[in-house]
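Trainee: The structure's right below; bear with me while I get my questions together.
Residue numbers (my numbering): 174 to 459.
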């Protein structure tokens, strides 16, 4: 799987944020017909056009006006059906996290969290001028950099991220309590780090220094499901990502994810994905 890295010195001095029109990269990642991912956060503001993206093995259709959110390391293939008027904002996580002294900040944003709601936000017509103007401000500041541009760019980006999160939580009727529920943010962080070797509620409850009942309660409050289901979904997603990378055998993936035998892995995968690992890989390749 190809991986695109952030071009930190595109404008001479190091800058960890960028803003451009989709047409600027039309012949590169957007046009690729093979699985690829990036190491940075991406926000696509589609004003015209429609299409779909195969994201982490699931097809996501979208219709303008809409915003599409993709966090780092998400395998995808684009399929854009028509000409597009689209503004793209990309940035490295440290651009905001270091400034805010909050390494969990981006995890508090529902659209980057890989939860149950899709990573696309349909826009109302009255939203378009505001978000377009804000992205224009980011682009203009990047092009005419001054000594204090880093501060202003962070302010613009912070405003964009927060207001999009408000629209997103309203659109999907989410509780929006990830700002207070730091236990759940740490849980998600631990899942990313340990999912290959730790796959029980008991193990994560111990890491979080709470009992299993409390962990399940917090999971229901934040995500509407119990901890075991969240763990199983994270495990499934990790396995999907390895299958999409294409280089490892199904047996290798099963053992790396702590399954006692490939047959158990296949049974687990089919119970959640409704297809076998081999069929999933073949469908995505096609």
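Glycine included, C-beta positions come from ideal geometry on N, C-alpha and C. Nothing here was measured: the structure is a model prediction, and the numbers come from that model.
Ignoring anything shorter than 4 residues or poking outside the stretch 258-325, list the alpha helix (DSSP H) runs there in chain order.
Mentor: 266-273 and 301-316
Trainee: Among 340, 317, 266 and 282, which one has its Cα closest to the Cα of residue 294?
Mentor: 340
Trainee: Is the beta carbon of residue 394 less than 8 Å from the beta carbon of residue 364?
Mentor: no
Trainee: Taking 8 Å as the threshold (beta carbon to beta carbon), is residue 414 in contact with chain B?
Mentor: The structure shown contains no chain B; it is built from a single protein chain.
Trainee: Which residues mark the beginning and the end of the alpha helix (DSSP H) in which residue 418 is found?
Mentor: 400-418
Trainee: Tell whether a beta-carbon distance below 8 Å holds between residue 279 and residue 182.
Mentor: no
Trainee: By how many angstroms is the C-alpha of residue 392 removed from the C-alpha of residue 400?
Mentor: 6 Å
Trainee: Assign residue 346 to buried or exposed, taking buried as 16 or more other Cβ atoms, counted over all protein chains shown, within 10 Å of its Cβ.
Mentor: exposed
Trainee: Whole-angstrom Cβ separation of residue 315 and residue 192, contact assumed at under 8 Å?
Mentor: 6 Å
Trainee: Alpha helix (DSSP H) containing residue 443: first to last residue?
Mentor: 435-446
Trainee: Which one of 420, 230, 244 and 225 has the shortest CA to CA distance from residue 237?
Mentor: 225
Trainee: Excluding the 5 residues preceding and the 5 following residue 283 in the sequence, name in chain order all residues of the same chain whose CB lies nearer than 8 Å to its CB.
Mentor: 290, 338, 341, 342, 345, 347, 349 and 351
Trainee: Give the straight-line distance between the Cα atoms of residue 465 and residue 275, rounded to the nearest whole angstrom.
Mentor: With the chain represented from 174 up to 459, any question about residue 465 goes unanswered, as that position is not in the structure.
Trainee: Which value, in whole angstroms, describes the spacing of the CA atoms of residue 380 and residue 252?
Mentor: 41 Å
Trainee: Does the count of Cβ pairs from the stretch 436-447 and the stretch 326-336 closer than 8 Å reach three?
Mentor: no
Trainee: Run through the DSSP bridge pairs and tell me what residue 187 is partnered with.
Mentor: Note: residue 187 sits in no beta bridge, so no partner.
Trainee: Under DSSP, the alpha helix (DSSP H) around residue 357 begins and ends at which residues?
Mentor: 355-367
Trainee: Give every residue of the same chain whose Cβ lies closer than 7 Å to the Cβ of residue 272, excluding the five residues on either side of it in the sequence, and list them in chain order.
Mentor: 327
Trainee: What residue does the alpha helix (DSSP H) around residue 377 start on, and which one ends it?
Mentor: 374-380
Trainee: Taking C-alpha atoms, which residue in 421, 439, 429 and 361 lies nearest to residue 402?
Mentor: 361
Trainee: So if DSSP puts residue 214 in a beta bridge, which residue, or which two residues, is it bridged to?
Mentor: 264
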